[in-house]
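When you line the sequence shown up against my numbering, it's residues 1054 to 1485, in that order. Built from N, CA and C at the ideal position, the CB exists for glycine as well. Right, one structure below, let's go through it.
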Amino acid sequence: MKIAVIGTGYVGLVVGVCLADLGNEVFCIDVDESKIESLKKGVLPIYEPGLKDILDINVKENRLFFTTDLRMGIKMSEVIFIAVGTPPGANHEADVTAVFNVAKVIGECMNGYKIIVNKSTVPVGTGEMVKDVIAKNMKGDYEFDVVSNPEFLREGTAVKDFTSPDRIIIGAETERAKKIMQRIYRGIVRTGKPLMITDIKSAEMIKYASNSFLATKISFINEIARLCEKVGADVKEVAKGMGLDQRIGPRFLQAGIGFGGSCFPKDVRALIQKGKENNIEFKIINAVETVNYEQRFIPVKKLKEIFGSLNNLRIGIWGLSFKPKTDDMREAPSITIINELKKEGADVIAFDPIAKENAKKILKDIEYGNTPYETAKNCNALLLLTEWNEFRELDMIKVKDLMKNPVLIDCRNIYEKEELIKMGFTYRGIGR
Ligand code: UDX
């Protein structure tokens, strides 16, 4: 199929490249000239393991093109994926302005039957509105279908999540649209991955409900962690025991400093807002957000329990990105935590294997170390904030000898507590 993917961000670029890899001819379109220019040179604007190789292959085989020419891309395509940003609006509702702007141009460029696919995370009901915008701007009477196809891509594993998803969700109204979407994804469905077809509104709701449930699991285990600390239980053991119940499952039960990223915080708030607009108060999901916000202040509390005042202390930070294998700093807990440390008068030096450049744009008044060891040098304490593999096999004796005080706050519970205590560290985990 000839496909246009509008938006070359964390979602759009992965979708475009992987759709090309399924054999389609794909135009990846963006308004940002510099992004398109760098993509044409094979330079990716995002860090996503494995994406570059697939991009290079499909460019070489003339299946993948990059352009800023939105109108040409629309006219040439049979299927158009809208993958533009839907950032939080004034009161946290998803701002779908960019989606509607694209829908307007699609209407103006209609020149035959097309399917318009909402890949961006959009509030329930957006599909209907996109349909109206296209119909209103059409110059002529063309048939088209709008489809909801929410993404479930996790940063750092987005290529795998596209090619080997737990499920593909399609919200569509006509047989014609359902057939074409099944054709697009048949390369994946053939490997046994379920493709569920439902109505547009339910497909839109599945996305919000799924992300909010995953966020609920995280805040749930973070609350359990608080009691574990008080009573002397180990939340890692508790999560392991819980996860053996098939109905609970072991994933998304790692206690830590809460969820960040561009999706969970945004989607949870957008769902709460959508509820408000419909006079529904989400009591559980409101609590999920509150617990998540509080979680970020726990590491500083722990440091103050140990040192009293943090004034003039030197604190080392291992990990800045909101999760491993990404350079994304959006809503990263490290931002709140480092700002709190600065407020307490501490000096901060931070290391991250990949996110340093993005972090420098946000966290300007801190030092940056080039290695974990350099970052630990002369520190009164170390905070492990992101569970990058780089931090799992360090020479911790060497780290201890480099530090002024061997204090380690393991905010993702990646170390063996007893081991570090035996080495002479003052160790604090989350919930253990
Ligand atoms: C998420 C959803 O998983 C994905 O389906 C959706 O399409 C986009 O949002 P992402 O935000 O990239 O993906 O990362 P994810 O791996 O889900 O982690 C989200 C946050 O939760 C991270 O900050 C992570 O540190 C945190 N987390 C995750 C925990 O604190 N504990 C866990 O057990 C799992």
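Own chain partners of residue i with C-beta closer than 6 Å, once the 5 adjacent residues on each side are dropped
| i | result |
| --- | --- |
| Lys1260 | Thr1174 and Pro1203 |
| Gln1348 | Asn1275, Ile1310 and Gly1311 |
| Arg1207 | Asp1214 |
| Met1295 | Ile1301 |
| Val1149 | Thr1139, Val1175 and Thr1179 |
| Lys1246 | Pro1218 |
| Val1177 | Lys1254, Glu1257 and Met1258 |
| Glu1440 | Pro1377, Arg1465 and Ile1467 |
Buried/exposed call for residue i, threshold 16 Cβ in 10 Å
| i | result |
| --- | --- |
| Lys1289 | buried |
| Asp1083 | buried |
| Ser1087 | exposed |
| Leu1143 | Checking the sequence shown, residue 1143 turns out to be Ala, not Leu. It counts as exposed. |
| Ser1217 | exposed |
| Thr1424 | exposed |
| Lys1378 | buried |
| Glu1009 | As displayed, the chain neither begins before 1054 nor continues past 1485, which places residue 1009 out of reach and without an answer. |
| Asn1345 | buried |
| Asp1405 | buried |
| Asp1185 | exposed |
| Asn1365 | exposed |
Secondary structure of residue i, DSSP reduced to three states
| i | result |
| --- | --- |
| Phe1266 | helix |
| Tyr1480 | strand |
| Arg1116 | coil |
| Ile1135 | strand |
| Thr1251 | strand |
| Lys1396 | helix |
| Ala1292 | helix |
| Arg1485 | coil |
| Gly1065 | helix |
| Ala1434 | strand |
| Lys1376 | coil |
| Glu1146 | coil |
| Gly1224 | strand |
| Tyr1100 | coil |
| Tyr1346 | helix |
| Tyr1468 | coil |
| Pro1141 | strand |
| Glu1420 | strand |
| Asp1381 | coil |
| Pro1176 | coil |
| Leu1075 | coil |
Enclosing alpha helix (DSSP H) for residue i [first to last residue]
| i | result |
| --- | --- |
| Arg1037 | Because the chain is modelled from 1054 through 1485, residue 1037 falls outside the range shown and cannot be assessed. |
| Gly1302 | No alpha helix (DSSP H) holds Gly1302; DSSP gives it neither H nor E. |
| Gly1160 | Thr1150 to Cys1162 |
| Ile1089 | Glu1086 to Lys1093 |
| Ala1429 | Pro1425 to Ala1429 |
| Ile1359 | Ile1351 to Phe1360 |
| Glu1181 | Thr1179 to Asn1190 |
| Val1452 | Met1449 to Leu1455 |
| Lys1413 | Lys1409 to Ile1415 |
Sequence-distant residues of the same chain with beta carbon closer than 8 Å to residue i, five excluded per side
| i | result |
| --- | --- |
| Lys1355 | Ile1462 and Arg1481 |
| Ile1368 | Leu1356, Leu1394, Ala1399, Asp1400, Val1401, Ile1402, Cys1432, Asn1433, Ala1434, Leu1435 and Leu1436 |
| Leu1104 | Leu1066, Val1067, Val1070, Leu1097, Ala1211 and Val1212 |
| Glu1196 | Tyr1166 |
| Ala1340 | Ser1272 |
Extent of the continuous beta strand (DSSP E) run through residue i
| i | result |
| --- | --- |
| Glu1078 | Glu1078 to Ile1082 |
| Asp1219 | Taken as a continuous stretch (DSSP letters only), Asp1219 belongs to no beta strand (DSSP E), as it is neither H nor E. |
| Arg1124 | Run containing Arg1124: none in the beta strand (DSSP E); it sits in the alpha helix (DSSP H), Leu1123 to Met1129. |
| Asp1405 | Element bounds for Asp1405: n/a, residue is neither H nor E. |
| Asn1171 | Lys1167 to Asn1171 |
| Val1460 | Val1460 to Asp1463 |
| Ile1333 | Taken as a continuous stretch (DSSP letters only), Ile1333 belongs to no beta strand (DSSP E), as it is neither H nor E. |
| Gly1369 | Arg1367 to Trp1371 |
| Phe1197 | Phe1197 to Ser1201 |
| Val1058 | Lys1055 to Ile1059 |
Same chain, Cβ closer than 7 Å to residue i, five either side skipped, listed in chain order
| i | result |
| --- | --- |
| Ala1385 | Gly1313, Leu1373, Ser1374 and Phe1375 |
| Ala1278 | Val1288, Ala1308, Ile1483 and Gly1484 |
| Ile1450 | Met1476 |
| Ile1359 | Val1460 and Thr1479 |
For residue j and residue i, believed in contact at Cβ under 8 Å, the rounded distance
| i | j | result |
| --- | --- | --- |
| Val1199 | Asn1171 | 7 Å |
| Gly1095 | Leu1108 | 7 Å |
| Ala1136 | Val1058 | 6 Å |
| Asn1264 | Phe1317 | 6 Å |
| Met1191 | Met1234 | That belief does not hold up - the Cβ atoms of Met1191 and Met1234 are roughly 22 Å apart, past 8 Å. |
| Lys1093 | Glu1078 | 16 Å between Cβ atoms; not a contact. |
| Arg1383 | Pro1141 | Going by Cβ atoms, the distance from Arg1383 to Pro1141 rounds to 11 Å, so no, they are not a contact pair. |
The ligand ZN heavy atom lying under 7 Å from the CB of residue i
| i | result |
| --- | --- |
| Glu1114 | The model on display carries the ligand UDX but not the ligand ZN. |
Proximity test, Cβ basis, 8 Å: residue i and chain D
| i | result |
| --- | --- |
| Gly1126 | Absent here is chain D; the protein component of the structure consists of one chain. |
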